[in-house]
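Read the structure below first, then the notes.
Numbering (our numbering), first residue to last: 100 to 178.
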């Protein structure tokens, strides 16, 4: 492990357990989007209900079971 000496103090990085208190609440509606309430912090992401039109003839609607954020998505939220 790496240790740093800063202003007379020894510092070491540590992994902490994830606190589930900040998890997202899924809306009751089946259709929702993940969008920031405002830019600047990842904590501003919220799941909000969305109106999704029925697909046109010859098209299908896909149900997403899981999704992830990549680094570019996070940068977009941060501004």
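Using N, Cα and C, we set each Cβ at its ideal position, and we do this for glycine too.
These numbers come from a predicted model, not from an experiment.
### Task
Rounded to whole angstroms, what's the CA-CA distance from residue 134 to residue 152? Just pull it up for me.
As a working mapping, residue 134 is identified with position 35 in the chain shown. As a working mapping, residue 152 is identified with position 53 in the chain shown. If I take the Cα positions, the gap works out to 19 angstroms.
### Task
May I ask you to report which of helix, strand or coil DSSP gives residue 132?
Sequence index remark: in the chain shown, residue 132 carries index 33 (1-based). Here residue 132 sits in strand by DSSP.
### Query
So, helix, strand or coil for residue 177, using DSSP?
As a position in the chain shown, residue 177 is number 78, starting the count at 1. It is helical.
#### Entry: At least 3 beta-carbon pairs within less than 8 angstroms: the region 104-118 vs the region 147-167
The region 104-118 makes no contact with the region 147-167, as fewer than three CB pairs between them are under 8 angstroms.
### Task
Determine the direct distance from the alpha carbon of residue 178 to that of residue 140, and round the result to whole angstroms.
Your numbering for residue 140 matches position 41 in the chain shown. Your numbering for residue 178 matches position 79 in the chain shown. C-alpha separation (whole angstroms): 9 angstroms.
### Query
Can you give the Cα-Cα distance for residue 131 and residue 145, rounded to whole angstroms?
The residue given as residue 131 occupies position 32 in the chain shown. The residue given as residue 145 occupies position 46 in the chain shown. Cα to Cα, residue 131 sits roughly 10 angstroms from residue 145.
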